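Notes for the one structure printed next.
Chains as they are written, first to last, in the numbering used here: chain A, 50 to 373; chain B, 22 to 71.
Okay, structure coming up:
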């Protein structure tokens, strides 16, 4: 992981020493301080919310110009959708998705028991819990609202990005500058290209999934920015080469990659929602849910993203050459 | 619920804090020049308490 981080950060001009300094400040020092802080008789929600306010206020304030100029609509719609769904799911807790009489896995109808309460009484192999594909499908069914939410936001921002590119070409060129930074990848040998694509997608999915703990803000950012970027790139491609070219360039790998990434984002939303429940003193098995997220990351997300990267490197160019 | 309890519950409500910070950040971005330097300490505070 440090090597992956170094490879990608070196491309953005961030030095390794700065990375180490930030890691020490934000991981080691807080971990040490938390021992002492735990003894202070204060509700931890208040300082956490104070920090949350400062960080969000500063980030929004520093970028308010850009937000007013175009992305405000996207962010407002995405935020409204997130909170509308959170309110809806919050007022009507998820119900058990197994038939009555069978063992209930993730949710009770009355309390927010989640994820690896599923492991109680389950078989263990070499100290690890054994989850069948049926269990995984049941978990996916239990988070279907969050999957629907991520698909909806992605679709909406893609459409907004497409029309934004049509209306404001300057905005589109600003966004596509980000892609131009990745042109160095194309100069590498195919195997390395595949590995870079795989690691980049895996890193993005893992971040969207596990950093969803930050009240779902990171997955929201990932889904809106990716949807918007896809819309902009889609518009430019359609104008230059047509819809068939766009389909040939996206579909072969996208048919695997997009669902995997959107499910990762949905799990991120779910973790953020559960953290909010935990902060509100509701019962929620957050650690179990995080383990479930890791389970999905290792068992499905990583292998499928590897397959998608292989298709993107070796098959998508063939599909593009066929249509051109 | 009296005003004090109501204010305390609002300060503990993360959704409210998020909306408030977004609204203030968009409407009154002036003080961000001061709070810019507080981002890392704020993140450290959050990490330590969480």
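Beta carbons are placed, not taken as given, at the ideal position from N, Cα and C, and that holds for glycine.
Since the structure is predicted, the reported quantities are computational estimates derived from the model, not experimental observations.
Residues near residue i in its chain [Cβ-Cβ closer than 8 Å; skip 5 each side]
{"i": "residue 311(A)", "result": "196, 199, 200, 203 and 272"}
{"i": "residue 360(A)", "result": "301, 302 and 305"}
{"i": "residue 298(A)", "result": "286, 365, 368 and 369"}
{"i": "residue 2(A)", "result": "Limits of chain A in this structure are 50 at one end and 373 at the other, which puts residue 2(A) out of reach."}
Residue i versus residue j: straight-line alpha-carbon distance, rounded
{"i": "residue 302(A)", "j": "residue 186(A)", "result": "22 Å"}
{"i": "residue 220(A)", "j": "residue 213(A)", "result": "8 Å"}
{"i": "residue 89(A)", "j": "residue 103(A)", "result": "22 Å"}
{"i": "residue 97(A)", "j": "residue 68(B)", "result": "8 Å"}
{"i": "residue 245(A)", "j": "residue 362(A)", "result": "10 Å"}
{"i": "residue 340(A)", "j": "residue 93(A)", "result": "24 Å"}
{"i": "residue 365(A)", "j": "residue 296(A)", "result": "10 Å"}
{"i": "residue 107(A)", "j": "residue 75(A)", "result": "18 Å"}
{"i": "residue 327(A)", "j": "residue 335(A)", "result": "8 Å"}
{"i": "residue 234(A)", "j": "residue 249(A)", "result": "11 Å"}
{"i": "residue 174(A)", "j": "residue 232(A)", "result": "With a pLDDT of only 46 at residue 174(A), under the threshold of 50, the placement of this residue in the model should not be trusted, and no figure is reported."}
{"i": "residue 307(A)", "j": "residue 264(A)", "result": "22 Å"}
{"i": "residue 57(B)", "j": "residue 79(A)", "result": "20 Å"}
{"i": "residue 357(A)", "j": "residue 243(A)", "result": "9 Å"}
{"i": "residue 115(A)", "j": "residue 109(A)", "result": "10 Å"}
{"i": "residue 43(B)", "j": "residue 49(B)", "result": "10 Å"}
{"i": "residue 209(A)", "j": "residue 324(A)", "result": "30 Å"}
{"i": "residue 51(B)", "j": "residue 193(A)", "result": "41 Å"}
{"i": "residue 411(A)", "j": "residue 46(B)", "result": "Limits of chain A in this structure are 50 at one end and 373 at the other, which puts residue 411(A) out of reach."}
{"i": "residue 290(A)", "j": "residue 191(A)", "result": "41 Å"}
{"i": "residue 317(A)", "j": "residue 275(A)", "result": "15 Å"}
{"i": "residue 224(A)", "j": "residue 215(A)", "result": "13 Å"}
{"i": "residue 352(A)", "j": "residue 258(A)", "result": "16 Å"}
{"i": "residue 147(A)", "j": "residue 53(B)", "result": "The predicted position of residue 147(A) is uncertain, since its pLDDT is 41 and thus under 50; a value taken from the coordinates is nonetheless stated next. Whole-angstrom Cα-Cα distance: 50 Å."}
Three-way DSSP call (helix, strand, coil) for residue i in this model
{"i": "residue 87(A)", "result": "coil"}
{"i": "residue 48(B)", "result": "helix"}
{"i": "residue 173(A)", "result": "Its pLDDT being 47, under 50, residue 173(A) is placed unreliably by the model, and the measurement read from it follows with that caveat. In the structure shown, residue 173(A) sits in a strand (DSSP, three-state: E or B)."}
{"i": "residue 333(A)", "result": "strand"}
{"i": "residue 364(A)", "result": "coil"}
{"i": "residue 25(B)", "result": "helix"}
{"i": "residue 314(A)", "result": "helix"}
{"i": "residue 373(A)", "result": "coil"}
{"i": "residue 260(A)", "result": "helix"}
{"i": "residue 268(A)", "result": "helix"}
{"i": "residue 298(A)", "result": "helix"}
{"i": "residue 275(A)", "result": "helix"}
{"i": "residue 192(A)", "result": "coil"}
{"i": "residue 62(B)", "result": "helix"}
{"i": "residue 197(A)", "result": "helix"}
{"i": "residue 64(A)", "result": "coil"}
{"i": "residue 3(B)", "result": "Since the displayed chain B opens at 22 and closes at 71, residue 3(B) lies outside it and no answer follows."}
{"i": "residue 71(B)", "result": "coil"}
{"i": "residue 352(A)", "result": "helix"}
{"i": "residue 110(A)", "result": "helix"}
Beta-carbon proximity list for residue i, same chain, < 6 Å, skipping 5 on both sides
{"i": "residue 292(A)", "result": "none"}
{"i": "residue 254(A)", "result": "310, 313 and 350"}
{"i": "residue 206(A)", "result": "123, 273, 276 and 277"}
Cβ of residue i within 9 Å of any chain B Cβ
{"i": "residue 161(A)", "result": "Any reading at residue 161(A) must be qualified, since the residue scores a pLDDT of 44, below 50, and its modelled position is unreliable; the value itself is stated next. So no, residue 161(A) is outside the interface."}
{"i": "residue 344(A)", "result": "no"}
{"i": "residue 66(A)", "result": "no"}
{"i": "residue 94(A)", "result": "yes"}
{"i": "residue 328(A)", "result": "yes"}
{"i": "residue 271(A)", "result": "no"}
{"i": "residue 102(A)", "result": "yes"}
{"i": "residue 108(A)", "result": "yes"}
{"i": "residue 115(A)", "result": "no"}
{"i": "residue 79(A)", "result": "yes"}
{"i": "residue 333(A)", "result": "no"}
{"i": "residue 213(A)", "result": "no"}
Cut-off 7 Å between Cβ atoms - residues of its own chain near residue i, not counting five sequence neighbours on either side
{"i": "residue 31(B)", "result": "37"}
{"i": "residue 262(A)", "result": "320, 321 and 324"}
Beta carbon proximity, residue i to chain A, threshold 9 Å
{"i": "residue 34(B)", "result": "yes"}
{"i": "residue 28(B)", "result": "no"}
{"i": "residue 25(B)", "result": "no"}
Short CB-CB distance (under 9 Å) between residue i and chain E
{"i": "residue 318(A)", "result": "Within the model displayed, chain E is absent; protein chains A and B are what it includes."}
Which ranges does the alpha helix (DSSP H) cover as unbroken runs of at least 4 residues, wholly within the region 213 to 256 of chain A, from first to last along the chain? The region 213 to 256 of chain A contains these whole alpha helix (DSSP H) runs: 218 to 229.
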